[in-house]
Structure formats: C-alpha cells, structure tokens
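Student: Structure provided below as structure tokens; questions to follow.
There are 2 protein chains.
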Amino acid sequence: MQTAAEIRLDRVFQALSDSTRRSILRRISRRELTVSEIAGPYDLTFAAVSKHLKVLEQASLIDRRKDGSFQMISLNPEAMKSADQWLRFYHQFWTARLESLKSLLEDKEKP
Amino acid sequence: MQTAAEIRLDRVFQALSDSTRRSILRRISRRELTVSEIAGPYDLTFAAVSKHLKVLEQASLIDRRKDGSFQMISLNPEAMKSADQWLRFYHQFWTARLESLKSLLEDKEKP
DNA sequence: TCTGCATTCAACCAAACAGTTGAATGTTGG
DNA sequence: CCAACATTCAACTGTTTGGTTGAATGCAGA
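Chains as they are written, first to last, in the working numbering: chain P, 39 to 149; chain G, 39 to 149.
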C-alpha cells in the first residue's frame, strides 16, 4: 500500500532529483520570477521549463500567482519540510558514525 | 554542466523517491540484513529487490559485506548528509514563513 | 481589433525505470 | 561432489521522464 504521505514524499524527492529543478528552486528562493525569467539561463525550450515547473508544482514545492499575462513563480517550502523530517531520523546515524570515528582517532593518540 | 556533486545528489534524491527503497533504508538502520531478509516483507521478486539495492548502492546509501553465501546490507548515512545539507539551506524559508504566520496571528489578537 | 508576447498543449521520441521470468553463478553442508 | 540455497544476470515489457517541435491560448497595448 502506498499511503498519501508516501506518495507526497515520493513526489518531493523525485522533483529534487534533477539538478535543473534544484537550481530553479534556489533561484526563486531569492525572489519570485516569471516563467521566462526562470527559463533564461538554461539551454532549454520554454516547454521543457514549463514541464519542470509542473513537476515542482505537483510536488507542492512552488506556488504560482497570475500577474496579467505573466506568471509569478515562488518557493513553497512546506513540502521540503517533509523531506527534511524524513531525513532527520537519520541524523543520529551520521553523527554516531562521526563520534565513533572521533573516538577512534582519540584512542590512537593515547599510547 | 553537471558537476560530480550534482550527479551524486541526483542519485541520492532519486534513490529516496521510492517508498520501497525508503522502507528498506529504515529497516536496515536497525540492524544489517541479508538480501532475503530485506525481500521478505515485500510482494516483489528477489530480482526486483536486488535492483532496488543496486540503486541504493549506486547512490552510496548502503554498504555490502560478504558473509559466506550471504550478503549483509547496512546503512551508509554519509550520502544522506549531502541531501540534508542541500535542504538545510531552505530551513530559513519555512521557519521564516512560520514566524510571519505567528506574528500575523499575534497582530490579530491585538485590537 | 489586431499584433505580439508569455505560456502551455499535443504529439512525438529516446532513454531510464520498475517490474517480470528463467537461466546462471557462487557458496556451503552433507 | 552435488544438492540446495542466496543472489544476480539477461532479456523482455509497459510506463515514466526529459526533451523536442509546432500549434494553440490568453492577455495587453497601440
């Protein structure tokens, strides 16, 4: 069974698995941008960028606001929180590993 | 250009975008498991599970250790750290949003 | 109203993905 | 050695992904 929460998380991680999309998120975190502004730096067609935005939207990572014939795209950080919370569980594992490495080094120093 | 770091991050997020794989990670975080033990609860062939493990391995999320004819699979949390660090940048955005929501509510309370 | 700009839709394509089945490759206990 | 077990490989399938092109839609200014 796939719970709704799992499906949401699937979508978030999937959306984040493309570096173009991560780069878009980074740029709109500074200020909201139009689709054309977003497309600017990439060597991609508008349609391709439009699809990336749809992926981000379906993962609830962005919001859209209509401003005349433009569309203002902005960051919606809520969905990232769920990804972050999923990862938070594993903090203990990498800090634990770091600790045991540290104590290993300390043991070496004591003759 | 795709830097090596970006490709690594792509792979980590991609590996995490499947709930079966996330479930595998969660289970091996308790203790290392054999491939068969991992496969047990899922309604999947061994080959399918083997493929999931390969995806996790290529994302450097797991380690394998040979023990006779068994293979012990364990968590390698290092790669998650990079995903976590990527997300850490966005903490400010969801906490900021939370703060502004809070102050909005507080303003309402003041007549 | 016509033109031009911003954006999306539809159809298509190649590559990647998630799964299957069945055969192949270790490894080990008797 | 060989039978049984653990795991992977190869080949195949249907679906998704990331991209393209060209047409369609929607809005705004002259």
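Think of the CB as a built atom: it goes at the ideal place given N, C-alpha and C, for glycine as much as any other residue.
Run through chain G and tell me which residues come within less than 7 Å of P:D101, C-beta to C-beta.
Tutor: Against the first sequence, residue 101 of chain P aligns to sequence position 63. Within chain G, no residue comes near P:D101; the closest Cβ sits about 11 Å away, beyond 7 Å.
Student: So, under 8 Å CB-CB, G:L54 and G:R46 are touching, yes? Tell me the CB distance rounded to an integer number of Å.
Tutor: Taking the second sequence and counting its residues from 1, one reaches residue 54 of chain G at position 16. Taking the second sequence and counting its residues from 1, one reaches residue 46 of chain G at position 8. At roughly 13 Å, the Cβ-Cβ gap does not stay under 8 Å, so G:L54 and G:R46 are not in contact.
Student: Per DSSP, which one or two residues make a beta bridge with P:R46?
Tutor: Counting from 1 along the first sequence, the entry for residue 46 of chain P is found at position 8. Paired residues: none, contrary to the question.
Student: Taking only beta carbons into account, state which residues of the region 111-123 of chain G come closer than 8 Å to chain P, listed in chain order.
Tutor: Listed by position along the chain: L113, P115, E116, M118, K119, A121, D122.
Student: When the Cα of G:S98 is compared with those of G:D81, G:L71, G:D48, G:G78, which residue comes out closest?
Tutor: For this step, residue 98 of chain G is matched to residue 60 along the second sequence. The candidate whose alpha carbon is nearest that of G:S98 is G:D48.
Student: If distances are taken between C-alpha atoms only, which option among P:R102, P:A117, P:H129, P:W124 comes closest to P:E70?
Tutor: Within the first sequence, residue 70 of chain P is the residue found at index 32, counting from 1. P:E70 has its Cα closest to that of P:R102, out of P:R102, P:A117, P:H129, P:W124.
Student: In chain P, which residues lie less than 7 Å from G:S98 when you measure between Cβ atoms?
Tutor: On the second sequence, residue 98 of chain G is found 60 positions in, with the first residue counted as 1. Result: empty, since nearest Cβ-Cβ is about 12 Å, beyond 7 Å.
Student: With DSSP as the reference, label P:S61 as helix, strand or coil.
Tutor: Numbered from its first residue, the first sequence carries residue 61 of chain P at position 23. Helix at P:S61.
Student: Check whether the Cβ of G:S57 lies closer than 7 Å to any Cβ atom in chain P.
Tutor: On the second sequence, position 19 is the one that residue 57 of chain G refers to. Interface residue, yes.
Student: Just tell me which of P:L91, P:I111, P:G78, P:Q96 has its CA closest to the CA of P:R68.
Tutor: The count along the first sequence starts at 1 and reaches residue 68 of chain P at position 30. Nearest C-alpha to P:R68: P:I111.
Student: Against P:E44, what residues of chain G qualify as contacts under a CB-to-CB distance less than 7 Å, listed in chain order?
Tutor: Position 6 of the first sequence, counted from the start, is the residue given in the question as residue 44 of chain P. Per Cβ cutoff of 7 Å: S57.
Student: For G:D122, name the three-state secondary structure that DSSP assigns.
Tutor: On the second sequence, position 84 is the one that residue 122 of chain G refers to. Of the three classes helix, strand and coil, the one that applies to G:D122 here is helix, per DSSP.
Student: Please report the distance separating the alpha-carbon of P:W132 from that of G:N114.
Tutor: Walking along the first sequence from the start, residue 132 of chain P turns up at place 94. Walking along the second sequence from the start, residue 114 of chain G turns up at place 76. Answer to the nearest angstrom: the Cα atoms are 8 Å apart.
Student: Of the choices P:Y128, P:K89, P:R64, whose alpha-carbon is the least far from that of G:Y128?
Tutor: Position 90 of the second sequence holds residue 128 of chain G. For G:Y128, the nearest C-alpha among the options comes from P:R64.
Student: To which residues does DSSP link P:L94 through a beta bridge?
Tutor: Counting from 1 along the first sequence, the entry for residue 94 of chain P is found at position 56. P:L94 pairs with nothing; no bridge assigned.
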